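Each remark here refers to the structure printed beneath this line.
Protein chains: 2
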Amino acid sequence: MASLRLDDQLCFGLYSASRAVTALYRVVLEDLDLTYPQYLVMLALWERDNRLVKDLGAELSLDSGTLSPLLKRLHAAGLVERNRQADDERAVMVSLSETGKALREKAEGIPDVIGTAMGLDDDGVARMRAELDRLTESVNAYREARSPA
Amino acid sequence: MASLRLDDQLCFGLYSASRAVTALYRVVLEDLDLTYPQYLVMLALWERDNRLVKDLGAELSLDSGTLSPLLKRLHAAGLVERNRQADDERAVMVSLSETGKALREKAEGIPDVIGTAMGLDDDGVARMRAELDRLTESVNAYREARSPA
DNA sequence: CGCAACTGAGTTGTGCACAACTGAATGACG
DNA sequence: CGTCATTCAGTTGTGCACAACTCAGTTGCG
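Line by line, the protein sequences give chains A and B. Residue numbers for the first sequence follow the numbering used here, beginning at 1 and rising by one. Residue numbers for the second sequence follow the numbering used here, beginning at 150 and rising by one.
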């Protein structure tokens, strides 16, 4: 039976874990002068360059209200270029600059550092990821049913 | 072997899950006119009233930079009182108003709604909470070792 | 064609999260 | 007793996250 006690709640555990991981990234990403959300955008671009703002938003579940200023900062840091599409003037293509591509080298070691800090073996990581994905899916489905977009 | 691929990463799963749960709370807490962090403070006070700002901060791992304006908003909403201690003028005691106490009734149903949305049985919740707590602990220990307070 | 509906990016405003700081109150110690 | 370090709450500034909105560009459709 669920109660209103703070320490019963899975949600608080999730919130705490997420903040703890972000705090670790803050330290690790200091070298690269990136915040965690900026690092996520860079990850997406390192994986596949030349993306529309819309597509980055879909992958990270972030809207233009978050991405526009974030991309402006990445541009100011010299890491990405932004160009409107010729065939659709509404759309903006985001591309890595040479500096942005080069930064990938400095990021190579990060996943292992984070992995070590989490103290999970590969199985543990995979299991937890699967559970978290299922949880996200379930929660989003419930919310969308209750509060239709 | 950890890689820089976005969809490999446990951290992104954690970040996504945390945002999904917060988005669900946003809908559920609409009735109470509370944000999720405000709800956490109310939970802490419903559990034990009359707390110093410092103690709330310790329980929720939030500093005064976050709590001071949040408590100001809870006060403006008529839910809490804030009074400086007579024996230590630095400390501020946070107490529930009658309205704040009464709001608890409206919150009684929330844990079950969230539980249903997450689609986990009691065992699943307990297991996940344990894993998340362990993860938080491990990550915080690593970070504190690497970047001493 | 004409125009209404929609789409994509951006802006504005609110509220967290956190670093860095201020300033008053307290405590420790020679 | 004096003074120096510490503690506590609050403020300021930056950067997400998100709702609500604007506005130009595009599409659909009669």
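By construction, the Cβ of each residue, glycine as well, lies at the ideal position given by its N, Cα and C atoms. Just so it is clear, the structure is predicted and the values come from calculations on it, not from any experiment.
For residue j and residue i, the rounded distance between their alpha carbons
| i | j | result |
| --- | --- | --- |
| alanine 251/B | leucine 79/A | 52 Å |
| asparagine 232/B | methionine 242/B | 5 Å |
| lysine 255/B | threonine 265/B | 18 Å |
| valine 125/A | leucine 159/B | 6 Å |
| aspartate 121/A | aspartate 182/B | 42 Å |
| arginine 295/B | serine 152/B | 22 Å |
| arginine 19/A | threonine 99/A | 29 Å |
| alanine 240/B | arginine 222/B | 19 Å |
| methionine 277/B | arginine 129/A | 11 Å |
| aspartate 31/A | aspartate 236/B | 46 Å |
Residue range of the unbroken alpha helix (DSSP H) whose run includes residue i
| i | result |
| --- | --- |
| serine 64/A | 64-76 |
| leucine 14/A | 10-28 |
| serine 287/B | 271-295 |
| leucine 60/A | 53-60 |
| leucine 43/A | 36-47 |
| glutamate 105/A | 98-107 |
| glycine 264/B | 259-267 |
C-beta neighbour in chain A for residue i, strict 8 Å
| i | result |
| --- | --- |
| glutamate 280/B | yes |
| proline 260/B | yes |
| glycine 268/B | yes |
| alanine 226/B | no |
| glutamate 196/B | yes |
| serine 244/B | no |
| serine 314/B | Examination of residue 314/B is not possible in this model, given that chain B is present from 150 through 298 alone. |
Limits of the unbroken beta strand (DSSP E) element including residue i
| i | result |
| --- | --- |
| arginine 90/A | Counting along the chain, arginine 90/A falls outside any beta strand (DSSP E), and DSSP gives it neither H nor E. |
| arginine 5/A | Per DSSP, arginine 5/A belongs to no beta strand (DSSP E) and is neither H nor E. |
| glutamate 230/B | 229-233 |
CB contact below 8 Å: residue i versus chain B
| i | result |
| --- | --- |
| glutamine 154/A | Within the shown structure, residues of chain A are numbered from 1 to 149, placing residue 154/A beyond reach of any answer. |
| leucine 74/A | no |
| valine 53/A | no |
| leucine 40/A | yes |
| asparagine 140/A | yes |
| glycine 13/A | yes |
| glutamate 108/A | yes |
| valine 80/A | no |
| glycine 100/A | no |
| glycine 57/A | no |
Residue of the options minimising C-alpha distance to residue i
| i | options | result |
| --- | --- | --- |
| alanine 225/B | Ser246/B, Asp237/B, Leu211/B, Leu205/B | Ser246/B |
| serine 287/B | Ser16/A, Glu144/A, Leu4/A, Thr136/A | Ser16/A |
| leucine 45/A | Leu56/A, Thr35/A, Tyr36/A, Pro37/A | Leu56/A |
| arginine 197/B | Arg5/A, Glu131/A, Arg73/A, Glu144/A | Arg5/A |
| phenylalanine 12/A | Tyr291/B, Gly162/B, Asp236/B, Pro260/B | Pro260/B |
ask   = Does the segment 177-195 of chain B come close enough to the segment 34-54 of chain A to have 3 or more Cβ pairs within less than 8 Å?
value = no
request  = Say whether the segment 202-219 of chain B touches the segment 176-183 of chain B, bearing in mind that this needs 3 or more beta-carbon pairs closer than 8 Å, one atom from each stretch.
outcome  = no
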